[in-house]
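Okay, so here's the structure we're looking at.
Rendered as structure tokens:
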């Protein structure tokens, strides 16, 4: 009789799994994505549109909305947030001129309150009863300051990943 080992043969799968994972990362859209650009904008992921002291500008936009009948588009974010900056820069393009005509637009610098110690102007979110979970948070307000898109407002935090058409259509619907 021959002696056999009680252990079963198990091939080492660590290396093939690591190689497969590396190949997946190399071919994934996130790994291969090129930065998007906008015509006439040096860095589409930075913006100076966000107002450091936004409350007076919000009050002025609401007053203008009462006169014009337009809703207010309140973009709560910061120029250093790539999604916030992308959205502000996109809205400034020629293609988005109808969006600028449709709304009284305010870019309120709230920092990034979802990141510890990076929030600014907490009174803006408090005024409109938002708990900021990401930036930008985009609220559409009536002339009395009532939020018309409460459920959709926080869903803008991926603005730089959304298509221009999707953004345009949502803002114009």
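In the working numbering, the protein residues as written are 3 to 175. By construction, the Cβ of each residue, glycine as well, lies at the ideal position given by its N, Cα and C atoms.
Other residues of its chain near residue i: CB distance less than 7 Å, five sequence neighbours each side excluded
i: residue 40; result: 46, 91, 92, 95
i: residue 156; result: 135, 136, 139
i: residue 145; result: 64, 67, 68
i: residue 72; result: 104, 105, 106
i: residue 100; result: 174
Helix, strand or coil at residue i [DSSP, three-state]
i: residue 233; result: Any question about residue 233 goes unanswered here, given that the chain covers just 3 to 175.
i: residue 139; result: strand
i: residue 36; result: coil
i: residue 21; result: Confidence at residue 21 is low in this model, with a pLDDT of 47, below 50, so its placement is unreliable and the value that follows should be read with caution. In this structure, residue 21 counts as helix in the three-state DSSP scheme.
i: residue 106; result: strand
i: residue 43; result: coil
i: residue 134; result: coil
i: residue 117; result: coil
i: residue 150; result: coil
Exposed unless 16 or more other CB atoms sit within 10 angstroms - verdict on residue i
i: residue 171; result: exposed
i: residue 117; result: exposed
i: residue 1; result: The question about residue 1 has no answer, for the chain in this structure spans 3 to 175.
i: residue 38; result: exposed
i: residue 56; result: buried
Cβ neighbours of residue i in the same chain (closer than 6 Å, five flanking residues each side left out)
i: residue 24; result: Low confidence applies to residue 24: its pLDDT is 49, below 50, so where it sits in the model is not reliable, and the reading given next is rough at best. So the list is empty, once near-sequence residues are dropped.
i: residue 49; result: 81, 87, 90, 91
i: residue 151; result: 142
Reference residue i, options the options, closest by Cα
i: residue 76; options: 174, 52, 167; result: 52
i: residue 130; options: 43, 58, 141, 120; result: 141
i: residue 154; options: 165, 100, 173, 109; result: 173
i: residue 42; options: 168, 143, 97, 175; result: 97
i: residue 83; options: 165, 169, 159; result: 159
i: residue 62; options: 110, 120, 164; result: 110
i: residue 162; options: 121, 85, 119, 44; result: 85
Residue i at chain C interface by Cβ criterion, 7 Å
i: residue 61; result: The structure shown contains no chain C; it is built from a single protein chain.
Own chain partners of residue i with C-beta closer than 8 Å, once the 5 adjacent residues on each side are dropped
i: residue 127; result: 78, 112, 115, 133, 134, 139
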